[in-house]
Amino acid sequence: MTCVTQWIRYYWPDDDIWHYLEIDDSDGHASRHVELQGSELRPTGAATLTETLAARDAGLAAMQRYERAYGVLPEGDCRNWDGFDAELITVTEFDEAWTAARRALDQRT
Numbered sequence: 001m002t003c004v005t006q007w008i009r010y011y012w013p014d015d016d017i018w019h020y021l022e023i024d025d026s027d028g029h030a031s032r033h034v035e036l037q038g039s040e041l042r043p044t045g046a047a048t049l050t051e052t053l054a055a056r057d058a059g060l061a062a063m064q065r066y067e068r069a070y071g072v073l074p075e076g077d078c079r080n081w082d083g084f085d086a087e088l089i090t091v092t093e094f095d096e097a098w099t100a101a102r103r104a105l106d107q108r109t
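Positions 1 to 109 (full-length UniProt numbering) are the ones given, in order, by the sequence shown.
So this is what it looks like as C-alpha cells:
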C-alpha cells in the first residue's frame, strides 16, 4: 500500500497556536510537527518522529532535553481530530514554517 503525504494546519484557540503537521503514515501519524504561537507566530515546537524515537531510545533525560528544545510530536491519528478545522496546505507552506521554526529553536538552545 502506498502512502500519500499530506500537510495540514489547524488552529488551537485555547493556546493561540497554529499546528502544522506532515502526515505520511498510512495510520495518520505525524512525521513532523510545527507549533507557532500568537499573532507573531513565535515558534514553540518543531519535532520529528525520527528524532523523537531516537531521543526516547536514548533514555528519559534525552527525551526531556529533546522535548524542551523541540516540543512534543502529536500521537495517534492526526487526520481525524474532532472539533478542529484542519486545512490542507502545500509542502512549500509546511517547509517554510518548518525551516523558520527549526532555525529559531536551534538558536535558543
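Every residue gets a Cβ at the ideal spot worked out from N, C-alpha and C, and that includes glycine. Note that the coordinates shown come from a computational prediction; the quantities given were computed from them, not determined experimentally.
The three-state reading of DSSP puts Ala55 in helix, counting H, G and I together.
Counting along the chain, the unbroken alpha helix (DSSP H) around Thr99 starts and ends at Val91 to Arg108. Looking only at Asp106, Glu75, Asp85 and Glu87, the smallest Cα-Cα distance to Arg32 is reached by Glu75.
With distances taken between CA atoms, Thr5 lies nearest to Val91 out of Asp95, Val91 and Tyr66. For Ala86, there is no enclosing beta strand (DSSP E), as DSSP marks it with neither H nor E.
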